[in-house]
Amino acid sequence: MISGAAALAALPAFTAFHDHSGGGTPPASGVSPSGTPASGTALSNHAGPGNHAGHAGFAGGSVPPDRAGIDPTAILRDFDRGRTSTLPDGRTLREWDIVAVDKDFEIAPGITFPGWTYNGRIPGPTLWAREGDALRIHFTNAGAHPHTMHFHGIHRAEMDGTPGIGAGSIAPGQSFTYEFDATPFGTHLYHCHQSPLAPHIAKGLYGGFIIEPREGRPTADDEMVMVMNGYNTDGGDDNEFYSVNGLPFHFMDFPVQVKQNALVRIHLINILEYDPINSFHIHGNFFYYYPTGTMLTPSEYTDTISQVQGQRGIVEIRFPYPGKYMFHAHKTEFAELGWMGFFEVEPA
Numbered sequence: 006m007i008s009g010a011a012a013l014a015a016l017p018a019f020t021a022f023h024d025h026s027g028g029g030t031p032p033a034s035g036v037s038p039s040g041t042p043a044s045g046t047a048l049s050n051h052a053g054p055g056n057h058a059g060h061a062g063f064a065g066g067s068v069p070p071d072r073a074g075i076d077p078t079a080i081l082r083d084f085d086r087g088r089t090s091t092l093p094d095g096r097t098l099r100e101w102d103i104v105a106v107d108k109d110f111e112i113a114p115g116i117t118f119p120g121w122t123y124n125g126r127i128p129g130p131t132l133w134a135r136e137g138d139a140l141r142i143h144f145t146n147a148g149a150h151p152h153t154m155h156f157h158g159i160h161r162a163e164m165d166g167t168p169g170i171g172a173g174s175i176a177p178g179q180s181f182t183y184e185f186d187a188t189p190f191g192t193h194l195y196h197c198h199q200s201p202l203a204p205h206i207a208k209g210l211y212g213g214f215i216i217e218p219r220e221g222r223p224t225a226d227d228e229m230v231m232v233m234n235g236y237n238t239d240g241g242d243d244n245e246f247y248s249v250n251g252l253p254f255h256f257m258d259f260p261v262q263v264k265q266n267a268l269v270r271i272h273l274i275n276i277l278e279y280d281p282i283n284s285f286h287i288h289g290n291f292f293y294y295y296p297t298g299t300m301l302t303p304s305e306y307t308d309t310i311s312q313v314q315g316q317r318g319i320v321e322i323r324f325p326y327p328g329k330y331m332f333h334a335h336k337t338e339f340a341e342l343g344w345m346g347f348f349e350v351e352p353a
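Here the sequence shown stands for residues 6 to 353, where the numbers follow this note's numbering.
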């Protein structure tokens, strides 16, 4: 095992690290333990269901990405294919360096969330591989708590990222390399599996894991990932904010840009903690849905799907008309607390 300091020295700087010691999910800055604004703190348009304004009747007003420390638009199309080399048997080897770091994010005006992250972002990097590739994920824990990386897929027990099995929990300052083959193809995810599990996930330790079929899929004109999440900012057992790709209301202010009639493929992943179910709905259009992305034939043609935590799938859609089309969770509370946005369709 190598030290966390050595691994960090080899990676790009991640802004300031912070020591968020203590159990559970501590309250975010600007919020009292009861969930109300601390003295002198304004929650702006994000104070909750009783205080919604902006965006022509919708709750809103996102933090600029450079100030928030999260850029959901950049995350949309950022597929990390790793460092590649060829093994003696002719297969492709893909390798990644993943570092768990503690980092603060301004998720709403005046609200700082003390995140636990993979590589300094929420969600973590979207790892992309092709079915049958050999994978090595070099994980270093530079955070203040034990962590793991648990991948959804098929692999040996000792590579499962579960405490008490194989390397188990990776202590602060320690490292471990997860090695397995990319299978099955589909839209998957990874997350920390350290106990207590809820805060380790809720604080940001998750990301997308995409395995392309060996022979590929029909070519899409545009491909992206959307990770649905929430933020527990008061130390309780529920969420005060919801988002796609980490920043509430971002896609209201910065709509997802697509082309008319283009085939758009969305890897949709739900990692929402503290709520039993999430959903995805789009206005004025229907889409084909492939649950888990493990089949090449869609299961339904719809405008709304639901996912429990850990569920995921592929949405494929063509927009026949130009204009702005809202997408959001079909759960009013989630939408009004950040989980809404627009697709902006440019004429062909």
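Glycine included, every Cβ here is placed at the ideal spot set by N, Cα and C.
Of the choices the options, whose alpha-carbon is the least far from that of residue i?
i, options, result
"M345", "N250, L268, R323, V320", "N250"
"F156", "H150, G148, F144, A149", "F144"
"L273", "E228, V320, V261", "V320"
"K329", "V350, T238, Y279, M233", "V350"
"F324", "H205, P77, G66, K264", "K264"
"A79", "F256, E341, I206", "F256"
"V313", "D109, T297, G166, A267", "T297"
"L132", "R222, R161, R99", "R99"
"G74", "A113, S174, R82", "A113"
"A105", "M233, S311, P130", "P130"
"N234", "P204, Y294, A149, E305", "P204"
"A353", "Y326, G212, G169, H152", "Y326"
"H150", "S200, F118, E184", "S200"
"F214", "P303, I276, M331", "I276"
"I216", "A172, S311, T299", "T299"
"Y295", "H335, R317, M331", "R317"
"K108", "T89, G209, N266", "G209"
"K336", "P189, S311, G315", "S311"
"I206", "D239, T153, L92, M231", "T153"
"D85", "D258, I282, W101", "W101"
Less than 8 Å between the CB atoms is what I'm expecting for residue i and residue j, so what's the real figure, rounded?
i, j, result
"H288", "T309", "Actually they do not touch by this definition, with Cβ atoms about 10 Å apart."
"I127", "I103", "Not quite, the Cβ-Cβ distance comes to about 14 Å (not below 8 Å), so this is no contact."
"F348", "V261", "5 Å"
"S67", "F246", "Going by Cβ atoms, the distance from S67 to F246 rounds to 11 Å, so no, they are not a contact pair."
"A187", "R135", "6 Å"
"I116", "N146", "Rounded, the Cβ-Cβ distance is 27 Å, inconsistent with contact."
"L140", "F185", "6 Å"
"M229", "R96", "In fact, because the Cβ distance is near 28 Å, the residues do not count as touching under 8 Å."
"Y211", "N237", "In fact, because the Cβ distance is near 14 Å, the residues do not count as touching under 8 Å."
"G343", "S248", "5 Å"
Should residue i go down as buried or exposed, given a rule of 16 or more other Cβ atoms within 10 Å for buried?
i, result
"H333", "buried"
"D138", "buried"
"D94", "exposed"
"F110", "buried"
"L48", "Residue confidence is low: L48 scores 35 on pLDDT, short of 50, so the model does not pin down where it sits. No coordinate-derived value is stated."
"F292", "buried"
"G55", "Note that G55 scores a pLDDT of 35, beneath 50, so its modelled location is shaky; the value from the coordinates is reported in the next line. It is exposed - the Cβ of G55 has fewer than 16 other Cβ atoms within 10 Å."
"Y306", "exposed"
"A61", "Any reading at A61 needs caution, since the residue's pLDDT is 37, under 50, leaving its predicted position unreliable; the model's value is listed next. Under this definition A61 is an exposed residue."
"P77", "buried"
"D226", "exposed"
"T302", "exposed"
"G169", "exposed"
"D239", "buried"
Any beta carbon of chain C sitting closer than 7 Å to that of residue i?
i, result
"D226", "Protein chain content of the structure displayed is limited to a single chain, and chain C is not contained in it."
Please confirm whether any heavy atom of the ligand GDP lies closer than 6 Å to the CB of residue i.
i, result
"G213", "This structure does not include the ligand GDP; it has no bound ligands of any sort."
Segments assigned beta strand (DSSP E), at least 3 residues, entirely inside the segment 64 to 102: Taking only runs of at least 3 residues, the beta strand (DSSP E) segments lying wholly in the segment 64 to 102 are 88 to 91.
Segment contact, 8 Å Cβ cut-off, at least three pairs: the segment 156 to 173 with the segment 187 to 205: Enough Cβ pairs lie closer than 8 Å, so yes.
Do the segment 119 to 139 and the segment 167 to 181 touch if we need at least three Cβ pairs shorter than 8 Å? Contact between the segment 119 to 139 and the segment 167 to 181 is absent: fewer than three C-beta pairs spanning the two stretches fall below 8 Å.
Sufficient close CB pairs (3 or more, under 8 Å) joining the segment 163 to 173 to the segment 219 to 229: Touching, no.
Complete beta strand (DSSP E) runs within the segment 172 to 206 (minimum length 3 residues, chain order): Counting only runs of 3 or more, we get 180 to 186, 191 to 196.
Could you tell me which whole alpha helix (DSSP H) segments of length 4 or greater appear in the segment 205 to 270? Assignment of alpha helix (DSSP H) within the segment 205 to 270, counting only whole runs of 4 or more residues, yields 255 to 258 in chain order.
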